[in-house]
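Asks: For the numbering used here, add 32 to where a residue sits in the sequence shown, where the first one is 1.
Using N, Cα and C, we set each Cβ at its ideal position, and we do this for glycine too.
Being a predicted model, the structure only gives us computed values, none of them experimental.
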Amino acid sequence: MDLSVERDAHCFCCGADNASGLHLKFEYPAPGEAEAGLVIPAYFSGWKEITHGGFLSMLLDEVMAHSCIHLARSAVTGEITVRFIKPVATGTEVRLSGRITETKGRIIATQGWIRDPAGATVAEATARFIATTRVDGNKTE
């Protein structure tokens, strides 16, 4: 089975060619770390102008995936656990950050956070990604 994953300009979160996408611009402050910011669009309201939890989960998944990408590893989400700390109004500017916490074979453990303009954490996650390529760029068996 071929598990290779190629970056795609049509990615909803970071793809430059997706007209409906978020066009997130990621920064990589250190190896295994990723950051981005955005203002949450109003159409991601879940209830009375509160951001939908699924949207926040997607943002956490994306920033943790980019933590893996930064190390030149292609990886897919194997498991994610999200903790919602406080509601986030749509229209809020948030900051995403993620980092790799451990690697064991093909498993990459990560953490991610979403913070509001005051720096308070509004949601956090842990995830395990499954590497589909090794650091040297070769496919896994």
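(1) For residue 89, which beta-bridge partners are listed by DSSP?
(2) Identify, in the order they occur along the chain, each residue of the same chain with its Cβ nearer than 8 Å to the Cβ of residue 156, setting aside the five sequence neighbours on each side.
(3) If you reduce the DSSP assignment to three classes, tell me which class residue 68 lands in.
(4) With 16 other CB atoms within 10 Å as the buried threshold, where does residue 125 fall?
(5) Around the Cβ of residue 34, are there at least 16 other Cβ atoms within 10 angstroms (buried) or fewer (exposed)?
(6) Pick helix, strand or coil for residue 117, following the three-state DSSP scheme.
(7) For residue 95 and residue 109, what's the separation of their Cα atoms in angstroms?
(8) Expressed to the nearest angstrom, what Euclidean distance is found between the alpha-carbon atoms of residue 82 and residue 154?
Replies: Based on what the coordinates show:
(1) Counting from 1 along the sequence shown, the entry for residue 89 is found at position 57. Residue 89 is bridged by DSSP to nothing; it lacks a bridge partner.
(2) Along the sequence shown, one-based indexing puts residue 156 at 124. The answer, listed in chain order, is 92, 114, 115, 117, 143, 144, 145, 146.
(3) Reading the sequence shown from its first residue, position 36 is the one you call residue 68. Strand.
(4) As a working mapping, residue 125 is identified with position 93 in the sequence shown. Classified as exposed, residue 125 has fewer than 16 neighbouring CB atoms from the shown chains inside 10 Å of its CB.
(5) By 1-based counting over the sequence shown, the position of residue 34 is 2. No answer about residue 34 holds up, because its pLDDT of 46 lies below 50 and its placement is not dependable.
(6) Sequence index remark: in the sequence shown, residue 117 carries index 85 (1-based). Three-state result, residue 117: coil.
(7) The residue given as residue 95 occupies position 63 in the sequence shown. The residue given as residue 109 occupies position 77 in the sequence shown. Between residue 95 and residue 109, the C-alpha separation is close to 12 Å.
(8) As a first step, residue 82 is located in the sequence shown; it is residue number 50 there, counting from the start. As a first step, residue 154 is located in the sequence shown; it is residue number 122 there, counting from the start. Each residue's Cα considered, the two are about 12 Å apart.
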